[in-house]
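Trainee: The sequence shown begins at 22 in our numbering and counts up by one.
Shown below is the structure under consideration.
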Amino acid sequence: MATSAPGANRPLSPHLQVYRMLFTMLMSIVHRITGAALYFGTLLMVIWLLAAASGPDAYNAVTDLYGSFLGRLVLFGFTWALMHHMLGGIRHFIWDTGRGLDKVGRNFLARATLIGSVSLTLLLWIIGYAVR
């Protein structure tokens with residue numbers, strides 16, 4: 022087995038301190054976070070479906086919880102995470118076709134993902150309240 026001298030000068034991999042945070046890097050991190058958040062949001066949906074299958078008392082309890090201010094705030098965040106992750110997936114699909122890989126295209130798609138996710142979330146909630 023090869024051994025190295027204790028004071029050998031080896032190249033070190035760059036760490037986060039070396040890189041300047043770019044908007045596309047931030048959107049990549051947010052894409053991963055929203056993916057994890059969707060897991061927990063799916064659990065909320067499973068709870069709602071189980072309550073619906075359990076009877077009117079359980080369903081009313083879960084509906085009251087989800088209808089509270091905190092419940093609606095969590096559902097709004099879940100909706101945004103769903104929209105953001107979906108648009109992030111579309112962005113990656115566009116990149117897979119070989120388009121939007123230049124600096125301008127990357128930044129445009131990253132900003133479009135953020136603006137589109139916020140816009141779609143607001144639009145869905147406005148339509149939801151209008152239909153309600």
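All C-beta atoms, glycine included, are put in the ideal place defined by N, C-alpha and C.
Given the structure is predicted, the values throughout are model-derived calculations rather than measurements.
Report yes if the C-beta distance between T134 and G109 is below 8 angstroms; otherwise report no.
Mentor: yes
Trainee: Give every residue of the same chain whose Cβ lies closer than 6 angstroms to the Cβ of W69, excluding the five residues on either side of it in the sequence, and list them in chain order.
Mentor: V83
Trainee: Taking the continuous alpha helix (DSSP H) assigned at R112, which residues delimit it?
Mentor: F90 to D117
Trainee: Thinking H106 and T55 are a contact (beta carbons under 8 angstroms), I'd like their distance in whole angstroms, please.
Mentor: Rounded to whole angstroms, the Cβ separation of H106 and T55 is 4 angstroms, and the two are in contact under 8 angstroms.
Trainee: To the nearest angstrom, report how far apart F90 and L96 are at their CA atoms.
Mentor: 10 angstroms
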